[in-house]
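Once you know that position 243 of the sequence shown is 243 in the UniProt record's numbering, the rest is easy, because the numbers rise by one and skip nothing.
All C-beta atoms, glycine included, are put in the ideal place defined by N, C-alpha and C.
These numbers were taken from a predicted model, which means no experiment stands behind them.
These notes are about the structure you will find just below.
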Amino acid sequence: MLAQQRQSAILDLVRRQGGVRVSQLVRQFGVSDMTIRRDLEALSERGLVDKVHGGATVAGPGSTEEPGFDAKSVRQRTEKAEIAARAARLVEPGTAVALSAGTTTAALAALLLDVPGLTVVTNSIPVADALYRSGRSDQTVVLTGGIRTPSDALAGPVAEAAIASLNVDVLFLGVHGMSPRTGFTTPNLMEAGTNRLLVAAARRLVVLADHTKWETVGIATIAPLEDADVLITDSGLPEEARIQLNERVGDLIVADVTGDQE
């Protein structure tokens with residue numbers, strides 16, 4: 001088989017399966033590991049696949065592409081709901097919590113309406129709106145100012161100034177992507193700075209990230225994987241990813257959305 005024919009067949013596999021491993025391709029095509037890696041490099045240079053550790057996946061969006069809040073809210077709804085439900089169990093009455101922007105943190109906000117005595121710091125317009133509409137007299141909502149981003153976050157110097165003087169018990173952080181190489185990332189440079197300050201303000205960091213965030217990379221790193229005291233994801237996460245995350249984060253919680261056991 002010619003290299004061009006093999007690469008076409010590899011591309012077809014990636015598109016049908018969502019991703020392939022080098023070892024799988026070596027067995028399937030009966031060629032060397034180095035030959036497969038050259039094939040993947042050639043496909044990657046053409047923008048047809050994204051190379052990841054040990055294989056390749058369907059080419060994803062660029063590192064600066066940022067979908068709007070409405071567009072993201074219809075993706076992985078079941079996974080995000082289960083992740084939010086697990087996160088809500090970690091919230092104690094009478095504590096100060098921070099919620100970053102994101103559709104998963106917005107789902108969490110809706111579950112905090114009945115938790116008494118909360119002080120919630122957020123740079124998310126949807127999060128603040130959900131809590132404000134509940135009208136609980138024993139909850140305090142602190143919405144930072146700032147410049148609005150496509151994900152309905154408030155970011156920039158005004159938001160950073162507001163966050164810099166605050167201290168919270170726990171931060172629930174939504175992210176665009178996560179990988180061993182780049183850590184937790186965002187496609188928005190301005191939002192990255194705001195999120196870093198939220199991380200610094202929190203005694204405990206809980207990251208909420210569904211399985212599609214694995215090996216997705218935004219342009220700016222918020223924090224390394226090792227900074228997460230807890231990472232809550234879903235059972236769609238591949239086993240190899242679970243192994244790598246277990247080695248790096250404090251506690252990995254896998255929400256069941258497929259009938260699998262944690």
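Spatial neighbours of Thr212 in its chain, beta-carbon cut-off 7 Å, leaving aside the 5 residues before and after: Here the question's residue 212 lines up with position 212 in the sequence shown. Gln76, listed in sequence order.
9 Å Cβ cutoff met for Ala101 and Thr149: Locating residue 101 in the sequence shown gives position 101, counting from the first residue. Locating residue 149 in the sequence shown gives position 149, counting from the first residue. Yes. Within cutoff.
Anticipated Cβ contact below 8 Å, Ile163 with Leu198, distance rounded: In the sequence shown, residue 163 corresponds to position 163, counting from 1. In the sequence shown, residue 198 corresponds to position 198, counting from 1. Confirmed, Cβ separation roughly 6 Å.
For Ala202, the residue or residues it bridges with in DSSP: The residue you call residue 202 lines up with position 202 of the sequence shown. According to DSSP, which records beta bridges pairwise, Ala202 is partnered with Val168.
Alpha-carbon to alpha-carbon, Thr221 and Val142: Within the sequence shown, residue 142 is the residue found at index 142, counting from 1. Within the sequence shown, residue 221 is the residue found at index 221, counting from 1. Cα to Cα, Val142 sits roughly 25 Å from Thr221.
Status (buried if at least 16 other CB within 10 Å, exposed otherwise) for Arg16: Locating residue 16 in the sequence shown gives position 16, counting from the first residue. That one is exposed.
Residues near Asp260 in its chain [Cβ-Cβ closer than 7 Å; skip 5 each side]: Along the sequence shown, one-based indexing puts residue 260 at 260. For Asp260, the predicted structure reports a pLDDT of 42, less than 50, and the residue's modelled location is therefore unreliable. A value from the coordinates is still provided. Around Asp260: Ser235.
Val249 classed as buried or exposed, judged by whether at least 16 other C-beta atoms fall within 10 angstroms: On the sequence shown, position 249 is the one that residue 249 refers to. Classification of Val249: buried, given that the 10 Å Cβ count is 16 or more.
Per-residue burial, Pro93 [other beta carbons within 10 Å of its own, 16 or more giving buried]: Locating residue 93 in the sequence shown gives position 93, where the first residue counts as 1. With fewer than 16 Cβ atoms within 10 Å of its Cβ, Pro93 is classed as exposed.
Within 9 Å, strictly: CB atoms of Leu13 and Val20: The sequence position of residue 13 within the sequence shown is 13, counting from 1. The sequence position of residue 20 within the sequence shown is 20, counting from 1. Going by C-beta atoms, Leu13 is nearer than 9 Å to Val20.
Sheet register partners of Ile253 (DSSP bridge): Along the sequence shown, one-based indexing puts residue 253 at 253. Answer by DSSP bridge pairing, in chain order: Ile232.
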